[in-house]
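Worksheet for the structure shown next.
There are 2 protein chains.
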Amino acid sequence: MPTTKTPACKVRFEPSGLKTEAPRGTSILEAARLAGVYLTSICGGDGYCGKCKVVVDDGDVEAPPNVLLTQQETRAGTVLACQARIMSDLVVTVPKSHLLEAGQILIDSDAHRFSELPTADLGKAAFPYEPLVQKVYLEMAAPSETDQLADHERLYMAIRRRLDVPLMQTGYRIIQGLPAILTQSNYKVTAVVGQRGGTAEVVDLEPGDRSRCNYAVAVDVGTTTVVAHLLDLATGATLGAEATYNSQMHFGEDYIRRIIYAEQNDAFEELQRCIVGDVNELIQALAVRHNVELACITAVICSGNTAMIHFLLNLDPRRIRRAPYIPTAAWIPPLRAAEAGIRINKRGLLYTLPAVGAYVGSDIVAGVLATRLYEARDLSLLIDIGTNGEVVLGSRQWMVCASSSAGPAFEGSGVKHGMRAAPGAIERLSLGPGGEFRYQTIGGEPPRGLCGSGLLDTLATLLEAGIIDRTGRFTGDRNGRVREGPDGPELVLVPARDSHPAIAITQADIANLVRSKAGVHAAIQVLMESTNTRPEQLAALYVAGGFGNYLDVPKAILVGMLPDIPVERIRFVGNTSIAGAKMAILSRLALEKAEEIAARMTYFDLMNHPHYMDEFIRSNFLPHTDLARFPSAQKRLGRRAAT
Amino acid sequence: MPTTKTPACKVRFEPSGLKTEAPRGTSILEAARLAGVYLTSICGGDGYCGKCKVVVDDGDVEAPPNVLLTQQETRAGTVLACQARIMSDLVVTVPKSHLLEAGQILIDSDAHRFSELPTADLGKAAFPYEPLVQKVYLEMAAPSETDQLADHERLYMAIRRRLDVPLMQTGYRIIQGLPAILTQSNYKVTAVVGQRGGTAEVVDLEPGDRSRCNYAVAVDVGTTTVVAHLLDLATGATLGAEATYNSQMHFGEDYIRRIIYAEQNDAFEELQRCIVGDVNELIQALAVRHNVELACITAVICSGNTAMIHFLLNLDPRRIRRAPYIPTAAWIPPLRAAEAGIRINKRGLLYTLPAVGAYVGSDIVAGVLATRLYEARDLSLLIDIGTNGEVVLGSRQWMVCASSSAGPAFEGSGVKHGMRAAPGAIERLSLGPGGEFRYQTIGGEPPRGLCGSGLLDTLATLLEAGIIDRTGRFTGDRNGRVREGPDGPELVLVPARDSHPAIAITQADIANLVRSKAGVHAAIQVLMESTNTRPEQLAALYVAGGFGNYLDVPKAILVGMLPDIPVERIRFVGNTSIAGAKMAILSRLALEKAEEIAARMTYFDLMNHPHYMDEFIRSNFLPHTDLARFPSAQKRLGRRAAT
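Each protein sequence line maps, in turn, to chains B and D.
Each residue of the first sequence is one higher than the last, beginning at 66 in this note's numbering.
Each residue of the second sequence is one higher than the last, beginning at 66 in this note's numbering.
Following this line, the structure appears as structure tokens:
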């Protein structure tokens, strides 16, 4: 049977100028992926989030009509990239608002913009310095007639004189190569010794003294962003950090969508290639910038939510989204990095911090390690608000944890003008003396939308100003900014200027945000109630992750996201996922502690918890049905009511 | 440049009828190797041992004249296979005397033909039954909403409930395949759990209950012979045994020659292929005979001298033969068998018993384990007389060991009519009442030569009869059988009959044999003197290996090979190399004990020992210069002198 080859169409994306060729009939979203152009896509290509709008400047596409497109947009050539099929060569403009740009990815653990509280002690001390992969320079005596020890045992004895490693392993190829390297180097070699599940492995051997050339990369594999730090294992110093967006975002903004996409398209390997590619790019960038050879990077350590770690290692993630919600592995033994496609030293090791379960990943365990919550005498609460909202409550006595169904509303998903923390995002919003909205954008650029902290500020501001009531419904606006929009009632926060459309928040947006904060709060509440913990017992509340560092605490309390405890007990701890990963790569005992922590944490499955739904419903108010739980919010709202 | 292809010649070997094609110019020895025809070759193809004589029946060869060939032989078409180059198609007859035949390879540890002493307790008890690879059938609870343990941890917990394994590892591919196998089998699987250097590895997983299908092969990798036993790991029973000649013999009879050959011809991989092929053939034969799938063989354990283990694993053996005589590895970690080319379960493990050093291999450590010399209250001596002669002296207090430069004279090498223990070999020889020689051949076949025990008998008989003196020199023979042969004085033991030439022993043969026994005895002597051990302190003398089981003890004492201790203290313990290997595969603690034994044994390098040469020279008499050390021999020789 003769086959007809589908003709390839050339597609150019503006303003980047990036080009690709794609077979006729391919979606523009797919072509963007091929060209390396990042497009926002929340629904994973199902055509109902409306985030992937692009403008076709030239060429033919087949695009079905879509309610998410206005007539005006359709006339201007706007299509949904996921729905539009390429029929000829194209020129496509990607609107600025939909590009993923390098923004405020939280790459470090010591940033605390809105907090005066000390976080400097985070993850310091506590563990002796003993990296998971060490390089030891060995000057061995050459064999003689009075010292006929075999090469292999000679090496072991020399290593044992330097390191406390009762059990040792060596790969077959390394043993085979021993005589050559030992005799050529006159028995002066550097042994690369890695921890591997209770035993030490002679990962590699190098002639001469290479002990100073030992680096590792710690990676926080987030659903949205991937952050990597380069560490000098010879000194323990952090040399630099890099971050990128997780290129799996093409397949859906949250990991559940990605699992569905992979399952429907048998694309698990493709998803692995995406994230492994991101990690490799970060490693490569760090290596180049800091003039480090890849061969000198002997270890990578990863933390992240359980689904992301599954994608990274191509472990089957399908049952993470189906009852009874089972990961393939919560604890993953050290692997050779090359086995997963990660490019460092070709025999270098890949470590993964342990997870608690399907919905409480190694990033949270890393957070518990970094905050030292696990060893505190008094109770603390750790909240990680990213794409999901995980909560840990406990002390050295016990620890409980849960994952809320928060959803990514505070990351801009499901919110009309929501966007990620990128230049032009409104990150602060308040009401001026004349009732006008004042805002501050990231990078001081013209406003393009609202990121998480901006959305929280909006919610609190509207509540405090009485523009919305405690159910989140618009009650009226003295300045008449509430109007009937295409998606129902909306409040204009920034009027239209020049080519920029107005930025508004809709009634539906507010409902989404309230649901999202309610999820986090209900999770906290269930853990506290189940353990009979009263708010005043909390010695510390650690806020970690995604937008934690940019959060206005009193406002977060006001809307009922955080429990109403004294502000001085609340600490912004930044990216504790990477902080914990770095602790573990620098200390074998820290990794062992992480394993102990994961084993000690009791997971509460909120979906099956008898009180969660009630608590969630009660939390669907601002701040809560029970105002007595939020005395400071009550005071503030009372003050407003009094004015 | 045009290349001219060397024409291929067809070569047929009789009487086997095996055929091959070989390029013109190839040696007949090489062609025999290609055809799978075993030819004796002691010198490794250098043309000076004269063992590889064959008769060219048809076709042209280029064969240089050689002093080792008589005119008569040359006329009959006899050539040295290693020297004769194939110039056309050939028919070659391999004389019966030079074929390697399945003979008395010592495949079991319970054979003791000349001893009434109990050896039944050899290697029994002592260690708890805990095979290095176990199969455990696990019926796990399927995950539920109240039991959300990940697959990996669920498996570990289930294994730990059955086995005491504090540290566990699992290969990446096994973890990746977990969800499929667990869900498909409804969480009822058989885990194959192998010991790997202090940790346990989940080697493989099988759906359902396969716990009864677990087999291992123990292999004694000898220089001359390779012996394999098939064990049922579910019961500990030995199912059968197979033996074959080490096909590396084409490259030289002793391992030093093979190392030289490999070094000169860069043939290390070829030598590995030979021995790995032999091991695979044995495994295959055992599997077929006992109806066991290769996939059910989960482990192989090997013991052998250090050079053979190096060849097997293609570890560099070159410095074994050069001062200061260093192995690449004396202790070798468990490998995946497939990594070395050994065909069992594709993830099955290959264990190697530990060696002491270059010249005291894991076969000797296995012998110490099997005889339990290491835990005896009183001193014992273990002598393994194979191609080399290793000696161990000690008790639970201390152990010393040495390897003599015995050489393979008692295996027929360097002895005119010497041959291996094969049908037609004279294994017993004595003097009849009329002064005539009486002999017994293996298999009752017409005599073709003398094997080790026959050679020892000859030496003792000639000494006792006064035909040789205590220096080994012919003094005369009443029957006039001493004659001047082509190689100097010789004594005809079996006159020529029909087509069979006479079987004689030459003055040079006797000198070789005396040197060989002197090597063993001097080694014993040095160990005993160095440790201040008197013969009467020896509670037991274990004779193991090659021809140990067929040795006439009083005669071995008479010629001064064994020390003169009461005969009842001497035990034939057979192939202790395989007995020890079997103990180790059946008990993790036995393997650990072997490692402890290897570490505890102090090696005496005889070549650098100040007394060895003196002792060797003194031992070059029959039995020794100092007759007082051999009271029973003195008595026997005195009796002869009196008659």
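We put the beta carbon where it would ideally sit given N, CA and C, even for glycine.
A quick note: this is a predicted structure, and the numbers were derived from the prediction, not measured.
Taking a 10 Å sphere around the C-beta of S564 of chain B, we find fewer than 16 other C-beta atoms and assign the residue as exposed. Counting only runs that start and end inside the region 319-370 of chain D, the beta strand (DSSP E) elements of at least 3 residues fall at 362-369.
Sequence-distant Cβ neighbours of A350 of chain B in its own chain, meaning closer than 6 angstroms and more than five residues away, are E307. Legend: CB atoms of the region 215-238 of chain B lying less than 7 angstroms from CB atoms of chain D belong to residues A215, D216, H217, E218, L232, Q234, T235, Y237. With respect to the C-alpha of F376 of chain D, the residue from D:L414, D:A352, D:D331, D:A364 having the closest C-alpha is D:D331. A293 of chain B and V344 of chain B do touch by the CB rule: their CB atoms are close to 7 angstroms apart, below 8 angstroms. Apart from the 5 residues on each side of it in sequence, T300 of chain D has no Cβ closer than 6 angstroms to any other Cβ in its chain. The three-state secondary structure of F681 of chain D, taken from DSSP, is helix.
Residue pairing by DSSP places E271 of chain B opposite B:T255 in a beta bridge.
Annotation for D574 of chain B: the continuous alpha helix (DSSP H) segment containing it runs 572-595. Here the alpha carbons of I397 of chain D and T91 of chain B stand approximately 56 angstroms from one another. T289 of chain B has its alpha-carbon roughly 23 angstroms from the corresponding atom of V618 of chain B. Beyond the five residues adjoining it in sequence on each side, R323 of chain D comes within less than 8 angstroms, by CB distance, of G109, Q313, F316, G317, L336, A372, F376 in the same chain, given in chain order.
In the DSSP assignment, H565 of chain D is bridged to D:R562. At a cut-off of 7 angstroms, the C-beta of E307 of chain B has no neighbouring C-beta in chain D. Out of D:S427, D:G454, D:S460, the CA that lies nearest to the CA of R442 of chain D is found in D:S460.
Among the residues facing chain B, N131 of chain D is not included, as its CB has no counterpart in that chain under 7 angstroms away. Note that the C-beta distance between A96 of chain B and V76 of chain B is below 7 angstroms. Contacts with chain B at 7 angstroms (Cβ-Cβ) do not include Q329 of chain D.
Under the three-state reduction of DSSP output, M648 of chain D falls in the helix class. If you keep only unbroken beta strand (DSSP E) runs of at least 3 residues inside the region 194-250 of chain B, you get 198-204, 233-235. Secondary structure at G317 of chain D: coil, using DSSP grouped into helix, strand and coil. Along the region 442-467 of chain D, none of the residues has a CB nearer than 7 angstroms to a CB of chain B. Here L671 of chain B is not bridged, per DSSP, to any residue. Taking the Cβ atoms as the reference, A605 of chain B lies roughly 20 angstroms from S469 of chain B, outside the contact range of under 8 angstroms. Cα atoms of V624 of chain D and E204 of chain B: separation of roughly 50 angstroms, rounded to the nearest angstrom. Cβ-Cβ distances below 7 angstroms link E476 of chain D to T289, T452, R485, G517, G611 in the same chain, with the five nearest sequence neighbours on each side left out; the list follows chain order. Taking the C-beta atoms as reference points, Y677 of chain B is found no nearer than 7 angstroms to A576 of chain B. Listed by position along chain B, the residues whose Cβ is nearer than 7 angstroms to that of A388 of chain D are E210. Taking a contact to require three or more Cβ pairs closer than 8 angstroms, the region 589-605 of chain D and the region 646-666 of chain D do not qualify as touching.
In the structure shown, A128 of chain B adopts coil according to DSSP, grouped into three states. Among the CB atoms of chain B, one or more fall inside 7 angstroms of the CB of Q241 of chain D. Exclusion of the five residues before and after T85 of chain B leaves V76, A96, L99, A100 as the residues of its chain whose Cβ lies within less than 7 angstroms of its Cβ. One thing to note: L418 of chain B has its Cβ no nearer than 7 angstroms to the Cβ of V433 of chain B. The C-alpha of F333 of chain B is placed about 25 angstroms away from the C-alpha of I643 of chain B. When D:E501, D:L515, D:L494, D:A490 are compared, the shortest CA-CA separation from G509 of chain D is found for D:A490.
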